[in-house]
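What follows is a short report on a single structure.
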Amino acid sequence: MPSLVNKITKRLRRKEKKSDDVPAPFPILNLSDDLILHVLSFVSSAPFESNDEEQSLFKAYMSYETKKIHQASTSSPFLSAAMSYQVYRAALETCASDLKLTLITFGTLTHVLPLVCKRFQILCQLSDLWKEAIDRLIVVYPSIWGKGIRSLCKEQRSNDMDICLRASELCGGSRRAFQRVVEVCQPFITVLPVLVLGDNRSDPPVLGQVWNLHLVKPQYQLMTAEIMESYPLHYQRESPIASQGRPRFLFSSGLSLPLVGGDPVFVVEITRCKLKRDGTIRLSIVAVLQTTMLSIQVRPNAFGLLDAKVQTKKTLSEGRMRLPVFTSVAASTQHTTPLFCSIEVTFGEGRYRRMIRELMADETVDRPKFIFSSMDTVTSGEMAILSEVRKCVIHADGTADVEFVGIAQGTLQEVVERPDSSGIIDATFILSQN
Numbered sequence: 439m440p441s442l443v444n445k446i447t448k449r450l451r452r453k454e455k456k457s458d459d460v461p462a463p464f465p466i467l468n469l470s471d472d473l474i475l476h477v478l479s480f481v482s483s484a485p486f487e488s489n490d491e492e493q494s495l496f497k498a499y500m501s502y503e504t505k506k507i508h509q510a511s512t513s514s515p516f517l518s519a520a521m522s523y524q525v526y527r528a529a530l531e532t533c534a535s536d537l538k539l540t541l542i543t544f545g546t547l548t549h550v551l552p553l554v555c556k557r558f559q560i561l562c563q564l565s566d567l568w569k570e571a572i573d574r575l576i577v578v579y580p581s582i583w584g585k586g587i588r589s590l591c592k593e594q595r596s597n598d599m600d601i602c603l604r605a606s607e608l609c610g611g612s613r614r615a616f617q618r619v620v621e622v623c624q625p626f627i628t629v630l631p632v633l634v635l636g637d638n639r640s641d642p643p644v645l646g647q648v649w650n651l652h653l654v655k656p657q658y659q660l661m662t663a664e665i666m667e668s669y670p671l672h673y674q675r676e677s678p679i680a681s682q683g684r685p686r687f688l689f690s691s692g693l694s695l696p697l698v699g700g701d702p703v704f705v706v707e708i709t710r711c712k713l714k715r716d717g718t719i720r721l722s723i724v725a726v727l728q729t730t731m732l733s734i735q736v737r738p739n740a741f742g743l744l745d746a747k748v749q750t751k752k753t754l755s756e757g758r759m760r761l762p763v764f765t766s767v768a769a770s771t772q773h774t775t776p777l778f779c780s781i782e783v784t785f786g787e788g789r790y791r792r793m794i795r796e797l798m799a800d801e802t803v804d805r806p807k808f809i810f811s812s813m814d815t816v817t818s819g820e821m822a823i824l825s826e827v828r829k830c831v832i833h834a835d836g837t838a839d840v841e842f843v844g845i846a847q848g849t850l851q852e853v854v855e856r857p858d859s860s861g862i863i864d865a866t867f868i869l870s871q872n
């Protein structure tokens, strides 16, 4: 009996030693989303992106299945006889083609990673991994890029012919510059639902400030469900919504009821949305534009929900902004028409080096803007170009290599040099009407 106990004890000790040799699983879910996305990028693949490893696995699987069928046919006279029939061979070929189609449409982003855990599922719905997959496909199949551009251009049917011709002349085939011309030449009219607060608040919304709302009325529950329908489900569970392409609606404080055409209204974007089980909705919104309603009507069978037609893009006559001024005669001679042309300059003068550092330090804007003038000295009433920084390299000695593009023409007003002895000139840029 003691010998049996000793044997059992030795076996348990051996098992403990073996279990100690096995490394503990790495807690990947304890990492941040950025690190998890970086790790998943090594194993992520989209449909129609089967790599050599997946192809070899598929071939090995097919040879394994074929070997099993042949082994079964030799051991079973009935199956061996069935193999000789053409119908059975056709069924095998169909099965093989289906497996090949499954391999082509297979991707870890759709068939593997979302099934691991809920957090992986949410990360796979973001654009990060899909953008990398699209980049890889464009490298392998360059024709995809051209087809994508042509499909996007077909969406611009609503623009007038003269605008399209002008865009073609100015942009030379650049879709981004074409889009700029359309934005500054033609106002964008759209119809959006209206949320009327109606609690007699004295303070109107502030552009860029986030507001939190709790919606209980059925018309606003219908409105939210409608505008969130085309977005992924995790955006309806209080996940932050990306800044590009957020759902929009109109917001009115309801100080003067009933609403009529010409009343002021705010265009707001949803930054977070939480659909509760009791049907109520918690929203975080940010006001992005103040405009006026062109017309308003009550939507039928929608609990009194209002729809309003508004102009969501500013026309040239409405644009007005305060920006620093960069003057250079040499840069203007690079192109006869600096509008929509890429210009590369070196900011070596002290005031311009300080100006570009201030512009690049502002992380709230995607592309810093400044005013470009071809005159040595600027005065009120002169023509100038509103410009966007596309590339910027600031060197150790303070100089900066800057690539910028002019996006709109206008006039200067209120030209003032800063009183801090920096030499930077600020001016109010007023977009031109033509």
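Residues in the sequence shown are numbered from 439 upward in steps of one, following the working numbering. Beta carbons: idealized from backbone N, C-alpha and C, even for Gly.
Looking at the secondary structure, which residues open and close the beta strand (DSSP E) in which residue i lies?
i	result
Ile627	627-634
Ser690	686-690
Gln647	Careful: Gln647 lies outside any beta strand (DSSP E) and carries neither H nor E.
Lys712	702-713
Glu487	Careful: Glu487 lies outside any beta strand (DSSP E) and carries neither H nor E.
Asp745	744-749
Glu676	No beta strand (DSSP E) holds Glu676; DSSP gives it neither H nor E.
Ala740	From DSSP, Ala740 is part of no beta strand (DSSP E); its letter is neither H nor E.
Thr866	863-869
Asp835	Looking at the DSSP string, Asp835 is not in any beta strand (DSSP E), and its letter there is neither H nor E.
Phe464	It is not in any beta strand (DSSP E) - Phe464 carries neither H nor E in the DSSP assignment.
Thr730	719-736
Val860	The question names Val, yet the displayed sequence has Ser at residue 860. Premise fails: Ser860 is in no beta strand (DSSP E) and is neither H nor E.
Leu780	Correcting the residue type first, residue 780 is Ser in the shown sequence and not Leu. Its beta strand (DSSP E) spans residues 780-785.
So, is the C-beta of residue i closer than 8 Å to a C-beta in chain D?
i	result
Arg684	Looking for chain D here will not work: only one protein chain is present.
Apply the 10 Å Cβ neighbour rule to residue i and answer buried if 16 or more other Cβ atoms are within range, or exposed otherwise.
i	result
Val706	buried
Phe741	exposed
Pro685	buried
Phe867	buried
Ile627	exposed
Gln657	buried
Met793	buried
Ala822	buried
Tyr579	exposed
Ser581	exposed
Ala865	buried
Gly861	exposed
Gly545	buried
Leu824	buried
Ser918	For the chain, the structure presents residues 439 to 872; residue 918 sits outside this window and is missing.
Pro857	exposed
Between which two residues does the alpha helix (DSSP H) harbouring residue i extend?
i	result
Met666	It is not in any alpha helix (DSSP H) - Met666 carries neither H nor E in the DSSP assignment.
Glu570	565-578
Thr546	546-549
Phe558	556-562
Asp471	471-478
Nearest to residue i by alpha carbon, out of the options?
i	options	result
Leu575	Ser483, Leu561, Ile560	Ser483
Val763	Leu850, Tyr673, Phe558	Leu850
Pro738	Asp566, Thr709, Gly683, Leu660	Leu660
Glu570	Ser479, Leu633, Val632	Ser479
Leu475	Thr548, Pro485, Gly545, Arg557	Arg557
Lys714	Phe689, Gly683, Gln728, Val654	Val654
Lys747	Ser470, Val578, Leu630, Asp573	Leu630
Pro485	Ala799, Leu553, Glu796, Trp568	Trp568
Gly683	Leu697, Ile665, Glu676	Ile665
Leu744	Leu469, Pro696, Ser812, Asn650	Pro696
Glu852	Asp858, Leu635, Glu826, Arg760	Arg760
Val634	Arg710, Ile734, Gln559, Ala799	Ile734
Val481	Ile719, Asp858, Leu547	Leu547
Arg675	Gln647, Asp858, Arg710	Arg710
Val783	Asp858, Ser812, Val726, His652	Ser812
Asp835	Met798, Gly788, Ile863, Ala799	Gly788
Glu487	Trp649, Ile572, Ser565	Ile572
Spatial neighbours of residue i within its chain, please: C-beta separation below 8 Å, excluding the five flanking residues on both sides.
i	result
Arg828	Ser780, Arg805, Glu841, Phe842, Val843
Cys555	Leu467
Pro678	Thr709, Arg710
Give me, in chain order, the residues of the same chain whose beta-carbon lies closer than 6 Å to that of residue i; leave out the 5 immediate sequence neighbours on both sides.
i	result
Asp701	Met731
Thr771	Reliability of the predicted coordinates at Thr771 is poor, the pLDDT of 47 falling under 50, and the value obtained from them is presented with this limitation in mind. Excluding residues within five positions, none has a Cβ falling inside 6 Å.
Ile560	His672
Asn650	Ser722
Phe689	Leu633, Phe704, Val706
If I measure Cβ to Cβ from residue i and keep anything under 7 Å in the same chain, skipping five residues before and after, which residues do I get?
i	result
Pro670	Gln563
Phe785	Arg791, Ile794, Thr837, Ala838, Val840
Gly717	Gln659
Val698	Ile734
Next item on the list: Could you tell me which uninterrupted beta strand (DSSP E) segments, each at least 3 residues in length, are contained entirely in the region 791-833, listed from first to last along the chain?
Entry: 807-811, 821-832
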